[in-house]
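Step one of this worksheet: look at the structure below.
2 protein chains.
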Amino acid sequence: MRKSICFIAAVLLLFSTLHAWAEDNYRLWLRYERVTEPALYNNYRQSVKQLIFPAGSPTLKVAKTELQNALGQMLSLQPAEANTVTANGTLVIGTPQTSTLIAQHRQELNTIRREGYFIKNTQQNGKVTITIGANTDVGVLYGVFNFLKLLQTHSSLNHLALIDQPKIQCRILNHWDNLDRTVERGYAGSSLWKWHKLPGYIDRRYIDYARANASIGINATVVNNVNANALSLTTDYITKAAALAKAFRPYGIKLFLSIRFSAPVEIGGLKTADPLDAGVQKWWKDKADEIYRYIPDFGGFLVKANSEGQPGPQTYGRNHAEGANMLADALKPHGGIVMWRAFVYDDKVPDDRAKQAYNEFKPLDGQFHSNVIVQVKNGAIDFQPREPFHPLFGAMPKTPVMMEFQITQEYLGFSTHLVYLGQLFKETLASDTYAHGKGSTVAKVIDGQLDHQPLTGMAGVANIGSDVNWCGHPFAQANWYAFGRLAWNPEQSPNTIADDWLRMTFTNDAAFVNPVKQMMMDSREITVNYMTPLGLHHIMGRDAHYGPGPWVAQAGRPDWTAVYYHKADSAGVGFERSSRGSNAVAQYFPEVRNQLENVQTTPEKFLLWFHHVSWNYAMPSGRNLWQEMVHRYYSGVDSVRNMQKTWSLMQGKIDNERFAEVKDLLAIQEQEAEWWRNSCVLYFQHFSKMPIPAGYEKPDHDLAYYENQKFYFIPGTRGVQ
Amino acid sequence: MRKSICFIAAVLLLFSTLHAWAEDNYRLWLRYERVTEPALYNNYRQSVKQLIFPAGSPTLKVAKTELQNALGQMLSLQPAEANTVTANGTLVIGTPQTSTLIAQHRQELNTIRREGYFIKNTQQNGKVTITIGANTDVGVLYGVFNFLKLLQTHSSLNHLALIDQPKIQCRILNHWDNLDRTVERGYAGSSLWKWHKLPGYIDRRYIDYARANASIGINATVVNNVNANALSLTTDYITKAAALAKAFRPYGIKLFLSIRFSAPVEIGGLKTADPLDAGVQKWWKDKADEIYRYIPDFGGFLVKANSEGQPGPQTYGRNHAEGANMLADALKPHGGIVMWRAFVYDDKVPDDRAKQAYNEFKPLDGQFHSNVIVQVKNGAIDFQPREPFHPLFGAMPKTPVMMEFQITQEYLGFSTHLVYLGQLFKETLASDTYAHGKGSTVAKVIDGQLDHQPLTGMAGVANIGSDVNWCGHPFAQANWYAFGRLAWNPEQSPNTIADDWLRMTFTNDAAFVNPVKQMMMDSREITVNYMTPLGLHHIMGRDAHYGPGPWVAQAGRPDWTAVYYHKADSAGVGFERSSRGSNAVAQYFPEVRNQLENVQTTPEKFLLWFHHVSWNYAMPSGRNLWQEMVHRYYSGVDSVRNMQKTWSLMQGKIDNERFAEVKDLLAIQEQEAEWWRNSCVLYFQHFSKMPIPAGYEKPDHDLAYYENQKFYFIPGTRGVQ
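In structure tokens, the structure reads:
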């Protein structure tokens, strides 16, 4: 009889995984695949037989539903609901307010503050239990998601003693989504937000979006582009935004809006948007009051001002602090904050654009009101494949400073290149500013440790769109995931994060996880090699930033060209930012500055970022600079081919659909890596006058061919609205 | 033991339907839900125990995979594969080329021609079999999909004797999709076609799109907008289109392209696009040759010429036949065809735009080459909620004429209104032209019966986009489905089609199917009532066509306004198209013309289409015209409220997600129906000077309020590209 049952069970299991409709990758890392290894399956089932989880609030309800659905899918099990522990294998979940069993755990509760949670094995009434506790409902939600992660990654449920809480307060996505549903630098279809159908129609995706974010600890989102349209502050659009906020609310996600600084003129009928004008101040105060009537937990404003043509306080002869403080004062009574971007540059072409943000903001340190936080990009140029950390980190001790990473791959191959950004994020976070001596990492600046900042945040420019798989490339989901994990705790390792993500998204099969994780871990360096090795930067195609464009010499202004940045000539290549050049190195603390001042001590990966270096310069490898550059470009392409080989071995280990999809995409990546390599090598050869060393395959075409290629309708390039 | 097994099976069945990820409506009508009624489940399983289906070609392979996956999902069963019939319950599938068992059925095979199929119960070796046979691989595919439909709709598999074949050759979708992925009149997100990632990346949706189309007999698609960009004929874009064609090919779907008539100038470097110029003719011939090198089964060109600003032969002093024939000659050697649209009007504002297509095309009858087909919209204006049939149907006996329906709801509430278009399509198809006396229906014109045309077609302007649920509104999927079914056979009943669609898309539960089907069947008339009752037309908002705009008096040209069409004044309302007016009625055959000439015999539904009628005109209801109009607008809104009541009773009969989604959408529909009603009643009251009769709820606002409402970023309104 046991055999028969097992046979039938096996048959049914077989057919439950058979679908005429292929794997569509919509479910992200929350797939909750059935646990098929028998010992583990039985062990898990024994561990969650009973459930004590009183759930009255919307947040607790969604946490409980998530848990029940996931256990159903993974273990074919619904734990029996109970009020007291009467059996081994009881899950106890809640807050001190919902459960006296939780309230007992005073020590943990005192440690974890507002959003943290603990998961531990305990004994109640002599029975083995697992307890998930938190001080708040959202803490419970985070605890449940992390408990489910344990099951999804096939972790042991014995000896659980997890105490976890976020190190950063505001973990926020920035959507550069226009109201017409185009997405600036979006490579995954159009905007998720169906403004036309709002507020009446709540797309199920809004809820799945909130779920996915909550599962990795993201607790805020800016739904409209920093290049903002004033209309988003009209009552009609506030009503629409309120419907989104309502959908997100149970998942602990606060809604923010980007604002256009000149909105009082454009939709308010005022003559000025001068932040010191009393009428303007009143307009913003009234507008904030109105927003909070619709969205009581509204987060606040994100502002791009006096940058790339956006209006701002400087338009009226005021400085950034004056602009930010006016908005902050309007939000203050409601608890809202202002995220004021430091990505600015004025109309004059600077000697070095890398220096501008520091020059403008450093003098304002201490002048911002307490509910303003300055949002600084990871590097001083613009989300390049590799940048040294931004000199503003650590430089404004009296001002909260938050990180802005770009998750969407504007400069990293859009949604056709497999590039795991965990490594990029981590490289910046682990960089040492030396602001208070050794160990003053960027992570410690932005988590508030270094200067005891009460307001902290990390923003990621989202790579999420209407594509069924959310991010365009299956592996681009990993970058959304890694951003969330690192915003929760910047100390986490990209390796661990990749491991978890692969297990949850694909399979726990080590024969898949290990080689593919290695591929992910290497992928960012590979991309740097075939795009911008040795500190090269900003040499991509004009406007759309598609593919290589080291030859770009004409653009709206010189600091939008490539030649401004690489400065290749017959003598060498690179931007001299030491004291012999723009002296941008002076913006760093002495330990860093001294290292970068000297070409010999400058890390090879930043060589051409900081120095104009002779083509014949002897590199540590024994090659000269030209040969090293050629070597990097070729090795980048070779590495992509190795990624293809690795991937081809994964056939059969995962579903055919995603296997084929990634295979297609890697083939495109290989083509485009070659395109980068050939274009850049041929272009720079024009200056180095040295041959491509023997043994390297020759470019398919001449330089003119690459320079004259034309592309149309490149994603992400629509202007504002 | 049986009990234990059944218990385990039940538990597994339960959990296989539990998903943390909600119903997303992606699977359309191909859901293949498990058959849960025990008797039916057993009966079906007994009927398909064995399978004889040799499948060597790509088309047979996809048919077989579809069958196997569907049986797995519906019946938890994989039929044993066999070469000979050795058991009762054998499925025999194939063509005479693949199976001698099929070749025996000479009579059926002789009847069904190229794309037909038969499904019948037979005896082989004394065993009960079901045989699905066809002359071609694609016929087998259609047979398999229709067999699966029998299972999905819980039909009996006894006494099967189906012989089915399409009545129309070219069953084609027209995508008004721009190369930048915006969609003109698209309300379901952006274009499916990811041109930037083509040809390297084949989105799984391309294949699911092809599957869905094949399942309802659609065999062709035009992937780019009729307002075409010449770039789509460059080698780069042909390569991309070829990748789409390759994905579609196994499903029997041919790819067509819209062309821009002036492409020889724009991308060919010629000085003219004059169709009589030898250089131009050669350019098109070379271009056709090139396309066929990449796409050997390319379908041909769709052309919008000399219409709404598009270039065309008249630009060079030539007529439509001369333009079409030049293109046809280029395609002819390869077997391609030209679909030349009759939706034209010149730069001069006509006395009656309704007459233009007939006036321009009727004189050209007989002048088109044999591989040209003229594509005529269902009515003479533009896809209004209701139009009389286009007078060109039946009027060009020497020319193949095909139908153009609009599936996307440009004038029917976008993707927020539930409007089943089966009724609209059928109304036109069943209209009698009297071209060869009584019974000369539009259906018989376009299926070629009436004038023995060898080339036939029906086009539908697609409502498909990147939204996860494909069409924006769950019920909009029914319009794609109904279009396909009616293109296959215009004689089919919209009721049957709705019944099949509901069963396949939602449930076979009669308590759901019957009331919801009635709602679908009524929905189009309801929409006519709250938008454009009694023959009113073209009174929607300017440009975006969003909501009411009877007051629109300023537009690019008078025949783009509303007042041009409704001609409301103190005397009455309506466009006089009898001999006392524009005499558009003269374009119809005498029986129709005479009926429409007289206000008394004109069907009430077309009253104001053909006549300017006094506000006091006595209607058959006993109301005067004004009262009748008010009555219709109010009853339209009341009917939507009844739809809401019907739908609210469906809770629990289907998944919560789609229930909630449709509920949201019906609430929007109710609001917008009120908006239409209030706007139109208040506007026309301005002329009728009569009160809204007692007992009707008063409009919430005055007319000025409605006239002054502003909307931004309305879907579907981006210009070309």
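Going down the list, the sequences are from chains A and B.
Quick note: the first sequence, position 409, residue 392 per the numbering used here, numbers continuous.
Quick note: the second sequence, position 123, residue 106 per the numbering used here, numbers continuous.
We put the beta carbon where it would ideally sit given N, CA and C, even for glycine.
What you are looking at is a predicted structure, and each value in this text was computed from that prediction instead of being measured.
Residues in its own chain within less than 6 angstroms of residue i by CB, not counting five upstream and five downstream?
i: I651(B); result: T399
i: V575(A); result: Y417
i: N452(B); result: N8
i: P498(A); result: T629
i: V620(B); result: Y513, A656, E657 and R660
Is residue i close to chain A, meaning its C-beta is less than 8 angstroms from at least one C-beta of that chain?
i: P333(B); result: no
i: S173(B); result: yes
i: I651(B); result: yes
Taking C-beta pairs closer than 9 angstroms, name the residues in chain A that residue i reaches, listed in chain order.
i: Y9(B); result: W4, D7, Y9 and V451
i: E640(B); result: R187
Does the distance between the C-beta of residue i and the nearest non-hydrogen atom of the ligand FMN fall short of 7 angstroms?
i: W598(A); result: Absence of the ligand FMN is noted for the structure shown, with no ligands found whatsoever.
Run through chain B and tell me which residues come within less than 7 angstroms of residue i, C-beta to C-beta.
i: F696(A); result: L162, D163, W178 and H179
Shorter than 8 angstroms from the beta carbon of residue i to some beta carbon of chain B?
i: G702(A); result: Confidence at G702(A) is low in this model, with a pLDDT of 37, below 50, so the placement of that residue is unreliable and no value is reported for it.
i: T488(A); result: no
So residue i contacts chain B; which residues on that side make the cut at Cβ distance below 9 angstroms?
i: I185(A); result: A643, E644 and D647
Can you pull the chain A residues whose beta carbon is under 8 angstroms from the beta carbon of residue i, in chain order?
i: R188(B); result: V451
i: T399(B); result: K180, G183 and Y184
Let me make sure I understand the geometry here. Which of the options has the alpha-carbon closest to that of residue i?
i: I151(A); options: L433(A), G605(A), A536(A) and P498(A); result: L433(A)
i: L162(B); options: T510(B), G349(B), A224(B) and F558(B); result: A224(B)
i: G349(A); options: D638(A), R369(A), I364(A) and M379(A); result: M379(A)
i: D415(A); options: L438(A), F372(A) and P41(A); result: F372(A)
i: S245(A); options: A256(A), F239(A) and G252(A); result: A256(A)
i: F128(A); options: G72(A), L84(A), M673(A) and L50(A); result: L50(A)
i: L84(B); options: P346(B), Q90(B) and V75(B); result: V75(B)
i: D329(B); options: V359(B), Q293(B) and V321(B); result: Q293(B)
i: A363(B); options: T119(B), K693(B), A340(B) and P573(B); result: A340(B)
i: M714(B); options: A445(B), L124(B), N208(B) and L23(B); result: For residue 714(B) there is no data in the structure shown, the boundaries of chain B being -16 and 704.
i: V287(B); options: P296(B), V568(B) and P674(B); result: For clarity, residue 287(B) is Lys in the given sequence; the question names Val instead. Cα-wise, what sits closest to K287(B) is P296(B).
i: A144(B); options: P573(B), R301(B) and K103(B); result: K103(B)
i: V248(B); options: A311(B), V263(B), G235(B) and S241(B); result: V263(B)
i: E410(A); options: D647(A), N361(A), P437(A) and N446(A); result: N361(A)
i: Y27(B); options: V18(B), G319(B) and A470(B); result: V18(B)
Which same chain residues end up closer than 8 angstroms to residue i when comparing Cβ atoms and leaving out the 5 residues on each side of it in sequence?
i: A481(A); result: Y403, G405, A461, A465, K500, M503 and M504
i: K315(B); result: H352 and N354
Write down the C-beta distance between residue i and residue j rounded to the nearest angstrom, noting that I regard them as a contact closer than 8 angstroms.
i: A565(B); j: E559(B); result: One point to set straight first is that residue 565(B) is Ser, not Ala, in the sequence displayed. Confirmed, Cβ separation roughly 7 angstroms.
i: W609(B); j: S671(B); result: 4 angstroms
i: V206(B); j: W159(B); result: About 10 angstroms; that fails the 8 angstroms criterion.
i: F344(A); j: H303(A); result: 7 angstroms
i: V613(B); j: Y679(B); result: 7 angstroms
List, in chain order, every chain A residue whose beta-carbon is nearer than 7 angstroms to that of residue i.
i: T291(B); result: One detail in the question is off: residue 291(B) reads as Glu in this sequence, not Thr. Those within 7 angstroms of E291(B) in chain A number zero; the least Cβ separation is about 22 angstroms.
i: L214(B); result: Y695
Counting only the same chain and skipping the five closest in sequence on each side, list residues whose C-beta sits under 7 angstroms from that of residue i.
i: E91(B); result: F101, G116 and I146
i: K693(A); result: none
i: F526(A); result: Inspection of the sequence shows that residue 526(A) is occupied by Asp rather than by Phe. Excluding residues within five positions, the ones whose Cβ falls inside 7 angstroms are T700.
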